[in-house]
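Q: Got a structure for you, written out below as structure tokens; questions coming shortly.
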Amino acid sequence: MLNIVIFGAPGSGKGTQSELIIKEYGLDHISTGDVLRAEIKAQTELGKIADGYISKGQLVPDELIIDMLAKVLDSKADSKGVIFDGFPRTIPQAKALKKMLNERGTDVSVMLNLEVEEAELIQRLLKRGEISGRSDDNLETIQSRLEVYHNQTSPLKEYYITENKHTAVHGMGTVEEIFGRVCDAINCVK
Ligand code: B4P
């Protein structure tokens, strides 16, 4: 199986590049952000809890996310590979992912780290906020999300370097230019 973790700060283009990867390589896509937004829209118990964290720019607690991910993963049992978009975001999530995949006889193939300058991240998210209606795409929440990213999520870079899975991808430029670099990185591990 080709299992890709797509990683980066908020607004680094994880969702954008995932859509293109799915088309090119025929992989399944699990976006924890999308799953959570669907839960919020459906006003489930999980959605109500998640909404309180997301609208403040905080991470939803690990145990809720890991449980949710396990259920989604089971629904992709016949997949030829999965792109994990927005998961893991903490070291406990990364360890849980490894365990879940190992139990299913597979592992992470590569972690693609989209590296984007902070001013560009803020610009992209503010621009999306003008049209998305997302509760977390405003300046105050974007700043909290970036702080959370630096404190809780960016240590995953070191984790995946130690696991020998980390590949840095220059995330500045047009969507197509970045996708070219993403494909080069994937073709190296395919
Ligand atoms: P996510 O939904 O994962 O979203 P994101 O990090 O904000 O955005 P992404 O990097 O996917 O950016 P995109 O491609 O859309 O998370 C939202 C929230 O959910 C989190 O803050 C957290 O609270 C919660 N959550 C999710 N997963 C969790 C987990 N595992 N644990 C705990 N909590 C979790 O790009 C952004 C914008 O830039 C778009 O408008 C796009 O069109 C534009 N763009 C992309 N590439 C561009 C380019 N090259 N040039 C110009 N614009 C570009």
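Taking this note's numbering, the leading residue of the sequence shown gets 257, the next gets one more, and so forth. Note that the Cβ used here is the ideal one computed from N, Cα and C, for glycine as well.
(1) For residue 377, does the count of other Cβ atoms within 10 angstroms reach 16, so buried, or fall short, so exposed?
(2) Is residue 264 helix, strand or coil when you go by DSSP?
(3) Contact check, residue 268 vs residue 427 under 8 angstroms by CB: the rounded distance?
(4) Going by CA-CA distance only, name the one from 275, 257, 262 that's closest to residue 432.
(5) Pull up the distance between the alpha-carbon of residue 285 and that of residue 262, whole angstroms please.
(6) Considering only their Cβ atoms, is the gap separating residue 288 from residue 337 smaller than 7 angstroms?
(7) What do you reckon, is the C-beta of residue 302 under 6 angstroms from a heavy atom of ligand 1?
(8) Using the Cα positions of residue 306 and residue 296, report the straight-line distance between them to the nearest angstrom.
(9) Along the beta strand (DSSP E) that carries residue 341, what are the first and last residues, could you check?
(10) Any heavy atom of ligand 1 closer than 6 angstroms to the Cβ of residue 288?
(11) Considering only C-alpha positions, which residue in the set 301, 420, 424, 291 is nearest to residue 340?
A: According to the structure shown:
(1) buried
(2) strand
(3) 5 angstroms
(4) 275
(5) Their Cα atoms are separated by approximately 11 angstroms.
(6) no
(7) no
(8) 7 angstroms
(9) 338-341
(10) True, at least one ligand heavy atom lies under 6 angstroms from that Cβ.
(11) 291
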